[in-house]
Structure formats: C-alpha cells, structure tokens
Amino acid sequence: MKIFGVDLYTINDVTIILRLVLAVLLGGIIGFERGRSGRPAGLRTHILVCLGSALAIMTNQYIYENYGVSDPARIAAQVVSGIGFLGAGTILVTGRHQVKGLTTAAGLWATACMGLAVGIGFYKAAIVTCILISFATVILHRFDNFMLYKSKIMDIYMEFSATTSFSSILEALKKMNISIEAVELVKPTYNTNTTVAAIMTIKLKQKKMKMDVLSNVCAIEGVEFAEEI
C-alpha cells in the first residue's frame, strides 16, 4: 500500500514515525479508559506497552530487510510471552480472596499484540482491534455488571460473634430460601471484636433484590457484618 508514493509496508522514515505515533494513539485510547476506571495500569502503561511492542517488531523487520538475517516473528513471540510478567503484576488477590485486575492484565496483553500489528504495518487489524478492546472494556463491562445484578448466585463475606453457633447461621439462611453452595472460614477483616468470618457462595431460589438479601442476612442474630464480594 502506497500513500503519496510512500510504501507503508517497508521500513522508512515515514513509516517509522507513522507506526510509533499510531501505537501511542491506539495504546492511549485503551489506557485512558483503564486509568479513568482507577486501574493500576492506566494511560502511560498502555502507551508504553503498545509503543514498545511496535518498536520491537519494527526492529525485527529492519534487521530482516537490511541484513537478510533473523526470523521476522522471533521478537514478536518474545513480546507476547514476556508481557505476561507485566500483566501478572496487575492481578491482585485481596484478603477476602477476591481476584482483581484480570481485565487489565488481558487488556495489556491485547494492547501488546495491537502494538505488534502496528509495528509490522498491519494497520487495519490494529485499528479494528483498538475499537474491539474499547468495546470489551467499556460496553461489555456494563453488561457484566447487569448480568451479575440479575444472577441468583452471590458471594457474601460475613463476620459474626464468637458466641454465635455457625450452624445457627446456616439454619437461618436456609429458612430464607437460600441454598448454600460453598463455605470457607477466613480471618476477620473489619471488626476486631469478632474472631470468626466466612466467605459463602449462596444461591437464591427466587429472584430477589440483592440489597434486600444482604439486609436480611445482616438481621440474623449474631451476624456483625455482611457484604457482597
């Protein structure tokens, strides 16, 4: 493909600038949304990942075109595998066994691949990928929240007094037509006066407002604190 007589698929002064600037723009679009959402990897991180990936594959192409050596896909393979270390740094496991940062980690990996596409001159795929990543992180995020809101499955973190029988808590939940799928005893996080806490996966037999369910759980005798996680 040529524009104004410049071949956009080979390494030259125009394509070097074009690809690096495009990498900054596309990476910035993804990073802006992540940063606005308060994620650990935001605007600068995504720009640097996309820019570095583009430069890596461009360097590989430059060596191949000018020296006739090197595998054109070798550096790309190392970028795809190496970005996993950066993505792993954004994944956090909280004290209540919540896993956070998976979307950000996946976004970094996809952004790195997008940078590789930009760097090799696969412009159309890179731009479409940028649009789809934005769609997944913005639109589908709202859809995820809607599905979770409608779900009959809830994960609840509960703290209750040491004098309360755990079996009485379970019995009270059953009387509320709540099916207990899994229970895990953990160390209390909030109330220092309590010595027992649990993470429960429950299933509602009927569609109910989750806030109403939490209110009913908090009203159980012996329950000091409860929240959905």
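All residue numbers for the sequence shown refer to the UniProt record's numbering, where the first residue is 1 and numbers rise by one.
No residue lacks a Cβ here, since even glycine has one placed at the ideal position from N, Cα and C.
The model shown is predicted, which means the values in this text are computed figures rather than measured ones.
Which residue or residues does DSSP assign as beta-bridge partners of GLU228?
-> Residue numbering aside, residue 228 sits at position 228 when the sequence shown is read from its first letter. The bridge partners DSSP lists for GLU228 are ILE156.
Per the contact definition of three or more C-beta pairs closer than 8 Å, is the stretch 120-128 in contact with the stretch 34-44?
-> Segments in contact, no.
Among GLY68, GLY89, ALA110 and LYS100, which residue has its Cα nearest to the Cα of VAL79?
-> Here residue 79 refers to the residue found at position 79 of the sequence shown. Of GLY68, GLY89, ALA110 and LYS100, the residue nearest in Cα terms is ALA110.
Going straight from the alpha carbon of ALA117 to that of TYR149, what length do you get?
-> On the sequence shown, position 117 is the one that residue 117 refers to. On the sequence shown, position 149 is the one that residue 149 refers to. Taking the Cα positions, ALA117 is about 37 Å away from TYR149.
Near HIS46, what residues of its chain come up, given a Cβ to Cβ distance below 6 Å and the 5 sequence neighbours on each side ignored?
-> On the sequence shown, position 46 is the one that residue 46 refers to. Listed in chain order, the non-local C-beta contacts of HIS46 below 6 Å within the same chain comprise GLY27, ILE30, GLY31 and THR111, local neighbours out to five positions each way being set aside.
Bridge-paired residues (DSSP) for MET200 | Counting from one through the sequence shown, the residue named residue 200 turns up at place 200. According to DSSP, which records beta bridges pairwise, MET200 is partnered with ILE156 and VAL183.
Between GLY82, ASP7 and LYS100, which lies nearest to CYS113 when the distance is taken from Cα to Cα?
-> Against the sequence shown, residue 113 aligns to sequence position 113. When each option's Cα is compared against that of CYS113, the closest is GLY82.
Of the residues ASP13, ALA23 and ILE17, the one placed nearest ALA125, counting alpha carbons only = Within the sequence shown, residue 125 is the residue found at index 125, counting from 1. Considering only alpha carbons, the answer is ALA23.
Given LYS152 as reference, the closest of LYS205, VAL49 and THR15 once Cα atoms are compared | Taking the sequence shown and counting its residues from 1, one reaches residue 152 at position 152. The shortest C-alpha separation from LYS152 is found at LYS205.
Under a three-way DSSP split, which group does LYS100 fall into?
-> By 1-based counting over the sequence shown, the position of residue 100 is 100. It is a strand residue.
For VAL223, which of helix, strand or coil comes out of DSSP?
-> Numbered from its first residue, the sequence shown carries residue 223 at position 223. Reduced to three states, the DSSP call for VAL223 is strand.
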